[in-house]
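Asks: I am attaching a structure below and will ask some questions about it afterwards.
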Amino acid sequence: MADLTTNFLGIKSPNPFWLASAPPTDKEYNVRRAYEAGWGGVVWKTLGSEGPPVVNVSGPRYGAIWGADRRLLGLNNIELITDRSLQTNLEEITRVKKDYPDRALIVSIMVPCDEESWKAILPLVEATGADGIELNFGCPHGMAERGMGSAVGQVPEYIQMVTEWCKKYYSKPVIVKLTPNITDIRNPARAAKAGGADAVSLINTINSITSVDLDLMAPQPTIGGKGTHGGYCGPAVKPIAMNMVAEIARDPQTYGMPISGIGGVTTWRDAAEFMVLGAGNVQVCTAAMTYGFKVVQEMISGLSEWMDEKGYTSTSDFIGKAVPNVTDWQYLDLNYVTKAHINQDDCIKCGRCYIACEDTSHQAILMKEGRVFEVDDSECVACNLCVNVCPVEDCISMVPMAKGQVDPRTERPVGDYANWTTHPNNPSARAAE
Amino acid sequence: MLNLSKARERPEQGATMTTPMTPGIVAGRLSGDEIAANFGDLHPQYDPHEAQVAADRCYFCHDAPCMTACPTSIDIPLFIRQIQTGTPEAAAKTILSQNILGGMCARVCPTETLCEEACVRETAEGKPVTIGRLQRYATDTLMAKQGHPFVRAAATGKSVAVVGAGPAGLACAHRLATKGHAVTIYDSKPKPGGLNEYGIASYKSTDDFAAKEVEWLMQIGGIDLRTGVSLGRDVSLTELQNDFDAVFLAVGLGGVNALRTSGEDKATDAVEFIADLRQCSDLTTLPVGRNVVVIGGGMTAVDAAVQAKLLGADSVTIAYRRGRDDMPASRFEQDLAASKGVRLLFNVMPKSVEDHGITLEYTAVVDGKLQGMGETVTLAADQVFKAIGQTLTTQAGLQTEDGKIAVTGAGRTSVSGVWAGGDCTTLGKDLTVWAVAEGRDAAEDIHSVLMGA
C-alpha cells in the first residue's frame, strides 16, 4: 500500500482526500463521522460574523440532474453559510481538532468585506487550534447578494485586499477559495497570490438552474412557487473545474502556488486527475452527499493501487506531472494522425458509432452486411465521437499512424511535428527557422 | 396453543380433500389459494420505478436489431426512450400504431426468441433489455388511463367482412376501421379473441385481459362483431363476397392432428383443455389427471403441461419425438416447464395409448429421417393430451398448399377480393405477433385495392 500522506502548506493529512466546506462539515457530529470513516481532512462549513446567524430556507435546498439509472450527475444548492452560532461552531472545532490531531482541519470563513469584520473573527478561529483558514469567495447564491462570497471573488482587488487582512491577523495558512463564475480564473488566482495567499482552492459552485417545474412554471428547487439560481457541483462540473485548476497551474504568474482541487471528485481517478494537473490535494462534497462518507475508502484504495502500479511512493511524485502537457491549441501537432479502429470481437452491433458519424460527423463508418461496422480511413478525421458514444469501453480506439505512412484521407504522408504557428494557412504564421 | 389446534384440524380436512395423489382425473387437487397463487401473473406488471430502471438500459441502437426481429416492426428504441422520458402513453402509441394487440403481445410473445434475443445487451452481457415487460408497462399505462388512442377516418362507404376474431382478424379489422371502412367480424366462438381468449396459458393473460383488450380495440368504432357465426355452416364465402367489398379470412386452424396410434380415442386435445381452463371460472372444479402426458413440443404442449401441473397433477411429462434443440417451444418455455416440475422427455413417439398409461417408442434420426428404434417405455397416464399441431377445417374453396390457404403478397388468396392471414395461411407462423402483422398488412393491401390507390 502506497503512502498517501499529503503535506499541503505544511499541514499533514493521512491522505489527500478532504471534505469541502459544505453541509457535510457543518457540525461536530458529521465531522467526527467523517474522520472515523477515513477522510484525511475537513474544511469546516463557512463561519460568519458573530451575532444572529443566517437563516436558511425551510423548503428544498437542492436540485439535481441524473444520468441513466438515476445516477446523480449534478447537484445544486441554495443553502447559505452555517446557520448555527459562531460560538457553537468554534467550540466544536476546538474539540474535534483536539481529538483528531493527525487530520487536517481548515475553517472556512465569510464575513463582510471590511477589515474590522476579519480582524474580529480571525483570532477566534486561531484559538481553536485549526490548521488553517479558507476564505469563501465563491458561494454564488444568497450571500453574494449581501456583498460576500462570489461578489468578492469576482473582483480581484477585493480578493487581494481581504487576503492581506487575513495574513495580517492570522498566523497559519490562508487558502483562497475561488468562484468559477468569472471569465478568466487566472485573474482572481493572481490576486490571491498578490495578497499573500498560501494557496487557492477551486472551484466553488457554478451558478445554475438545474430544472424547471413545468406545472408550477418555476425553477427547482421551488420555494413557495419561486426559485433562484443555486450553486452547481458534482461529477458534471469536473471538466470545468479541472480546466481552471490547470490554467492556474500553468500560468507563469501563479505557477507553483499550491492548489486544492475541488469539483466533482467522485473516485480515486478523479482525484488523481486533479492532482496531476497541479492540485496538491482534493476536496470532495457531492460524492459524500450522494453515497455517504464511506466512499473515501474506495478513493484511498484506488489511489494506492494506482500509485503502487506506477511506482509512485508519495503523492508528491505525481502532483503537477501533467501540467507541462497542458498547452494552447496553437501548439498541438497538426501532423499527428490517428484513425478510429473498431474491435470486431468487442462490438455488440448497436450501431451508435455509425449513426453518430453518418448523421453528425464525417460519414467515415460503414455499415456492412450483418451489422458489421468498419471505419473508412479515407474519411475518418479521427474526431473520437465514435469512441465517445460507444457503450463498450475500449471497443473503439484511436490508432496513431506512423511517421511516413500516407493518410488515405489527405493522401499526404504523416510528417514531423508542426503546429498552427507555422502553418501556411495561418495568416500570421512565423516563418519556419 | 393455536398451532396445536390447527394441527388437529388438518388431518380431518385432508381426509375429505382430493390431493395430487388422488387416482384418476379429478377436480380440486389443490386448494383455492394454491390455485390462485399458481395461476397468478407470470411476469407481473412493472411499477414505474422498475420500468425506469429497465428502460435506462436501452442503448437506442441505430436500425435496431430488436425492431428488425419484431414481426410487427415496433420502433422499440423509440418507445423505450419515451418511457425513459416519462411519457409511457406516447410509448404505447408508438407500439400500438404498429401492433394494435401490443398489450397481448407484451404478455405472450416469446421475446426470448424475437426482440430480446436480438438485443445488443444480450450480446454484451447475456441480459437483454426487458422489452416485453416494458411494452406491457407502456400499453397497460395507456389502456388504464385513457380511452382509445386512434381516431377513425371519415367513412369510405366500403365494407369488409373479416372471418375470425383472433389476432389476425382483429388487427385487420382495426386497421380497416381506422381507414374509415365498415367492418363486420364473424367468429364461430361465443367470445372474440381467438387463441388469445381460448388458447394461451392463463398465467400469461390474467385478469380477463384478452376480453378487455378486444373491448378496448373495438372503441375505434365502425366494427360490427357477430359471434357464434361459423363460415361454411352459417354463412358462405360466396355470400360474403356478394355482401361486402372485400373479405379477410382469419379462421385459424380448427382441427387437430391425429396421433395415428392405437388408443387414439383415449387421448384428448390439448387446445381444448386449455380452452376449458381459460373459460373456467373456478379452477378447483376443473378435473385433471394424477399422471398426465402431453404429446408434442410446441408452445401448446408447454402451456397444457404447465397448467396441468399447476392444477395439481402429481406427475406431468412432455413427450417430444425429437431432441431438445429441435423443440419448437423456446428454451425459456422449456425451462419454465421444468421449473414447475414438468418432466421433458425427448426422442420418444407415441406407440399406444392405454387406459392408465402410454407406451412411447424411442426415436432416432437415421439417414435424415426420424424413425422408431423399437425400444419402448411405458408411463403411467390418466390423461394424455395431443399437442401435435392443428389443421385447417374451412378452406372455403380456396387454393391450399401444405394444408393451409395459399396466399401471396400481403395475404392475397387465389380468389380476387379475398384475403387471408394468421395461422390458417401458408404465411402463418403460429404466434400472435405474426398474426397481427399479417392482419395489419392485409388491411393495408385491402385499403389500397378498395380505394384504387
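So the protein lines, in turn, are chains A and B.
The numbers in my numbering rise by one with no breaks, and the one at position 121 of the first sequence is 121.
The numbers in my numbering rise by one with no breaks, and the one at position 367 of the second sequence is 1367.
Ideal Cβ positions, reconstructed from N, Cα and C, are used throughout, including at glycine.
Note that the coordinates shown come from a computational prediction; the quantities given were computed from them, not determined experimentally.
(1) What residues in the stretch 335 to 366 of chain A have a beta carbon less than 7 Å from any beta carbon of chain D?
(2) For the stretch 1129 to 1161 of chain B, which residues have a CB atom closer than 8 Å to at least one CB atom of chain A, in sequence order?
(3) In the DSSP assignment, what residue or residues form a beta bridge with E1489(B)?
(4) Determine the direct distance from the alpha carbon of P1048(B) to that of G1180(B), and round the result to whole angstroms.
(5) Answer yes or no: does any C-beta atom of chain B fall closer than 8 Å to that of D213(A)?
(6) Select from A288(A), L86(A), A127(A) and H141(A) the residue whose C-alpha is nearest the C-alpha of R33(A).
(7) So, does the stretch 1398 to 1414 of chain B touch the stretch 1430 to 1449 of chain B, judging by three or more C-beta pairs under 8 Å?
(8) Taking 8 Å as the threshold (C-beta atoms), are T1284(B) and G1126(B) in contact?
(9) From which residue to which residue does the beta strand (DSSP E) around I11(A) run?
(10) Could you check where the beta strand (DSSP E) with T94(A) kicks off and where it finishes?
(11) Have a look at G1222(B) and A1165(B) and give me their C-alpha separation to the nearest angstrom.
(12) Could you give the uninterrupted runs of the alpha helix (DSSP H) lying entirely in the stretch 1284 to 1318 of chain B, keeping only those of 4 residues or more?
(13) Span of the alpha helix (DSSP H) holding K339(A)?
(14) Would you call I1185(B) buried or exposed, if buried means 16 or more other Cβ atoms sit within 10 Å of its Cβ?
(15) Measure the Cβ-Cβ separation of P221(A) and G59(A) and say whether it is below 8 Å.
(16) Leaving aside the five residues before and after M307(A) along the sequence, list all residues of the same chain whose C-beta is less than 6 Å from its C-beta, in chain order.
(17) Let me know if G10(A) comes out buried or exposed under the rule of 16 or more other beta-carbons within 10 Å of its beta-carbon.
(18) Between which two residues does the alpha helix (DSSP H) containing V125(A) stretch?
(19) Can you check which of these residues, G1102(B), S1352(B) and T1432(B), is closest to E1264(B) by C-alpha distance?
(20) Where does D1187(B) sit, in a helix, a strand or coil, going by DSSP?
(21) Could you tell me which of R1133(B), C1058(B), G1102(B) and F1244(B) sits nearest to S1159(B), measuring between CA atoms?
(22) Using 8 Å as the threshold, is the C-beta distance between G234(A) and L72(A) below it?
(23) Name the two residues that bound the continuous alpha helix (DSSP H) containing T290(A).
(24) DSSP three-state label for M367(A), please.
(25) At a Cβ cut of 8 Å, what residues of the stretch 1056 to 1068 of chain B count as close to chain A, listed as they run along the chain?
(26) Among E116(A), P324(A), G370(A) and A197(A), which has the Cα closest to the Cα of G132(A)?
(27) Going by alpha carbons, who is nearest to V1407(B) out of T1130(B), W1419(B) and Y1059(B)?
(28) What is the residue span of the beta strand (DSSP E) that S304(A) lies within?
(29) Between the alpha carbons of Y100(A) and F293(A), how many angstroms are there, rounded?
(30) Taking a contact to mean a Cβ-Cβ separation below 8 Å, would you say L135(A) touches V174(A) in this structure?
(31) Can you list, in chain order, the residues of its chain whose CB lies under 8 Å from that of G1255(B), leaving out five sequence neighbours each side?
(32) Can you give me the start and stop residues for the alpha helix (DSSP H) that L385(A) sits inside?
(33) Verify the CB distance criterion: does A1090(B) have a CB-CB separation below 8 Å to chain A?
(34) Could you tell me which chain A residues have their CB closer than 7 Å to the CB of T1123(B), listed as they occur along the chain?
(35) Can L1170(B) be considered in contact with the ligand MN, in the sense that its beta carbon sits closer than 7 Å to one or more heavy atoms?
(36) Which two residues bound the contiguous alpha helix (DSSP H) that contains P219(A)?
Replies: According to the data block:
(1) Here the protein chains are A and B, and chain D is not one of them.
(2) Residues of the stretch 1129 to 1161 of chain B that bring their beta carbon within less than 8 Å of a beta carbon in chain A are absent altogether.
(3) The question about residue 1489(B) has no answer here: the residues shown for chain B are numbered 1001 through 1453.
(4) Counting only the Cα atoms, P1048(B) lies some 36 Å from G1180(B).
(5) For D213(A), the nearest beta carbon of chain B is not closer than 8 Å to its own beta carbon.
(6) Taking only the C-alpha atoms, the option nearest R33(A) is A288(A).
(7) With the cut-off at 8 Å, the stretch 1398 to 1414 of chain B and the stretch 1430 to 1449 of chain B touch.
(8) Not closer than 8 Å, so no.
(9) Where I11(A) is concerned, the enclosing beta strand (DSSP E) stretches over I11 to S13.
(10) That residue, T94(A), is in no beta strand (DSSP E); its alpha helix (DSSP H) goes L86 to D99.
(11) Between G1222(B) and A1165(B), the C-alpha separation is close to 15 Å.
(12) For the stretch 1284 to 1318 of chain B, the full-length alpha helix (DSSP H) segments reaching 4 residues or more read 1299 to 1311 along the chain.
(13) Unbroken run through K339(A) is the beta strand (DSSP E), T338 to I342; no alpha helix (DSSP H).
(14) Classification for I1185(B): buried.
(15) Cβ distance < 8 Å, so P221(A) and G59(A) count as in contact.
(16) Result list for M307(A): A2, in chain order.
(17) Here G10(A) is exposed, its C-beta having fewer than 16 other C-beta atoms within 10 Å.
(18) Its alpha helix (DSSP H) spans residues E115 to E126.
(19) The alpha carbon of E1264(B) has as its nearest neighbour, out of G1102(B), S1352(B) and T1432(B), the alpha carbon of S1352(B).
(20) Three-state result, D1187(B): strand.
(21) Residue nearest to S1159(B) within the set R1133(B), C1058(B), G1102(B) and F1244(B) is F1244(B) (criterion: CA-CA distance).
(22) Taking 8 Å as the Cβ cut-off, G234(A) and L72(A) qualify as a contacting pair.
(23) Looking at the DSSP string, the run of the alpha helix (DSSP H) that includes T290(A) is T286 to Y291.
(24) M367(A): strand per DSSP, three-state reduction.
(25) Under the 8 Å Cβ criterion, the stretch 1056 to 1068 of chain B contributes D1056, R1057, Y1059, F1060, C1061, H1062, D1063, A1064 and P1065.
(26) The residue from E116(A), P324(A), G370(A) and A197(A) with its alpha-carbon nearest to that of G132(A) is A197(A).
(27) Out of T1130(B), W1419(B) and Y1059(B), W1419(B) has the C-alpha closest to the C-alpha of V1407(B).
(28) Note, S304(A): premise wrong, no beta strand (DSSP E); alpha helix (DSSP H) at V295 to K310.
(29) Y100(A) and F293(A) have their C-alpha atoms roughly 17 Å apart.
(30) Judged by their CB atoms, L135(A) and V174(A) are nearer to each other than the 8 Å cut-off.
(31) Correct list, in chain order: Q1390, T1391, L1392 and T1393.
(32) DSSP places L385(A) inside the alpha helix (DSSP H), whose first and last residues are L385 to V389.
(33) False, the Cβ-Cβ gap to chain A never drops below 8 Å.
(34) Correct list: I348 and K349.
(35) For the ligand MN, the structure offers nothing, since it holds no ligand at all.
(36) Segment A218 to Q220 is the beta strand (DSSP E) holding P219(A); no alpha helix (DSSP H) there.
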